[in-house]
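Those sequence lines, one after another, are chains B and F.
Counting in the working numbering, the first sequence runs from 1 upward without gaps.
Counting in the working numbering, the second sequence runs from 1 upward without gaps.
So the structure is just underneath, and the comments pick up after that.
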Amino acid sequence: GEDVEQSLFLSVREGDSSVINCTYTDSSSTYLYWYKQEPGAGLQLLTYIFSNMDMKQDQRLTVLLNKKDKHLSLRIADTQTGDSAIYFCAESVTGANNLFFGTGTRLTVIP
Amino acid sequence: GAGVSQTPSNKVTEKGKYVELRCDPISGHTALYWYRQSLGQGPEFLIYFQGTGAADDSGLPNDRFFAVRPEGSVSTLKIQRTERGDSAVYLCASSPDRQETQYFGPGTRLLVL
Chain B
1 GEDVEQSLFL SVREGDSSVI NCTYTDSSST YLYWYKQEPG AGLQLLTYIF SNMDMKQDQR
61 LTVLLNKKDK HLSLRIADTQ TGDSAIYFCA ESVTGANNLF FGTGTRLTVI P
Chain F
1 GAGVSQTPSN KVTEKGKYVE LRCDPISGHT ALYWYRQSLG QGPEFLIYFQ GTGAADDSGL
61 PNDRFFAVRP EGSVSTLKIQ RTERGDSAVY LCASSPDRQE TQYFGPGTRL LVL
């Protein structure tokens with residue numbers, strides 16, 4: 001099946017930028033998503049990008065998509081302690097009904 | 001407006017018992033999905049409903065798992081003869097239609113002793 005990979009951990013200092021990376025294998029992706037999961041909670045949709053776009057900016061969040069390299073990143077500007085969570089990238093693929101998720105990146109923000 | 005809700009939030013059961021997990025999607029969303037999230041993993045697809053029918057149940061791990069959505073709104077995931085390996089967080093999501101953005105509920109944490 002489709003393979004979506006993320007690094008497991010990232011630590012940043014409060015106020016710095018965070019960059020969370022994701023790679024995927026299926027070239028027939030339609031949308032790519034970033035979800036945030038806080039401890040004991042469900043998945044909160046942060047942002048998404050259509051597969052024919054290169055970049056999307058939404059307040060402190062910037063999504064970059066390199067379709068040639070099948071690489072997606074999420075940049076969080078001015079990272080705050082409340083941003084500490086697990087971040088999942090997910091892919092929707094032509095012909096499939098479900099999303100394919102990575103294993104998640106645990107972001108720790110150090111005050 | 002109200003998001004996706006799931007009940008119970010936590011369920012502890014004994015091996016071999018039967019459990020039912022409920023999902024109440026966002027009003028008007030025709031598509032409903034169940035996923036399972038094991039510790040330290042991302043969610044994995046179980047089943048997808050479009051309206052009342054299970055349009056894709058390819059993710060159900062075996063015939064102990066079954067789900068219904070009789071009126072095209074609330075869905076129930078049913079697990080028979082539970083096993084310790086069924087312990088996970090069961091997430092429900094809904095979307096306005098197929099292949100549109102999915103919104104997730106808080107999940108049900110199932111622990112099989």
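Think of the CB as a built atom: it goes at the ideal place given N, C-alpha and C, for glycine as much as any other residue.
Within 10 angstroms of the Cβ of residue i, are there 16 or more other Cβ atoms? Answer buried if so, exposed if not.
i	result
F:K17	exposed
F:I79	buried
B:K70	buried
B:V93	buried
B:Q6	buried
F:P25	buried
B:S27	exposed
B:N66	exposed
F:A67	buried
F:F104	buried
F:G107	buried
F:D86	buried
F:L113	exposed
B:F101	buried
F:R84	exposed
B:F88	buried
F:L111	exposed
F:R36	buried
As a quick exercise: from the options, pick the residue whose alpha carbon is nearest that of residue i.
i	options	result
B:V109	B:L8, B:F100, B:S17	B:S17
B:G36	B:Q57, B:D54, B:I20	Here the sequence assigns Lys to residue 36 of chain B, which means Gly is not the residue at that position. It is B:I20 whose Cα lies nearest to the Cα of B:K36.
F:G42	B:T62, B:E91, B:N97	B:E91
B:R60	B:L10, B:D26, B:Q80	B:Q80
F:L21	F:S27, F:G28, F:Q6	F:Q6
F:A54	B:K56, B:T30, B:N98, B:M53	B:N98
B:T30	B:I49, B:T23, B:V12, B:R13	B:I49
B:S116	B:Y33, B:M53, B:I86, B:N52	In the structure displayed, chain B extends from 1 to 111; residue 116 of chain B sits before or after that span and is not available.
B:K56	B:T103, B:S73, B:A41	B:S73
F:V74	F:N10, F:C23, F:S9	F:C23
F:T82	F:T101, F:V19, F:G72, F:S38	F:V19
F:E128	B:R75, B:G42, B:Y33	One cannot answer for residue 128 of chain F here, as it falls past the ends of chain F, which runs 1 to 113.
Got a sec: is the Cβ-Cβ distance from residue i to anything in chain F below 7 angstroms?
i	result
B:T103	yes
B:G82	no
B:L61	no
B:G42	yes
B:F88	yes
B:N98	yes
Could you check whether the Cβ of residue i sits closer than 7 angstroms to any Cβ belonging to chain B?
i	result
F:D56	yes
F:F66	no
F:G107	yes
F:P96	no
F:F104	yes
F:F49	no
F:P43	yes
For residue i, list the residues DSSP reports as bridge partners.
i	result
F:D86	Answer by DSSP bridge pairing: none, since F:D86 is not bridged.
F:S27	In DSSP, F:S27 forms no bridge with anything.
B:S179	The first residue shown for chain B is 1 and the last is 111, placing residue 179 of chain B beyond what the model contains.
F:E44	F:R36
F:A67	F:L77
B:S73	B:N21, B:L64
When the Cβ atoms of the stretch 28-41 of chain F are set against those of the stretch 91-111 of chain F, are three or more pairs found closer than 8 angstroms? As far as the Cβ criterion goes, the stretch 28-41 of chain F touches the stretch 91-111 of chain F, which means the pair count is three or higher.
With contact counted as at least three CB pairs below 8 angstroms, one residue from each stretch, are the stretch 4-16 of chain F and the stretch 40-59 of chain F in contact? Output reads no: the stretch 40-59 of chain F does not touch the stretch 4-16 of chain F.
Name the residues in the stretch 21-36 of chain B whose C-beta lies less than 7 angstroms from a C-beta of chain A; which are they? Looking for chain A here will not work: the only protein chains present are B and F.
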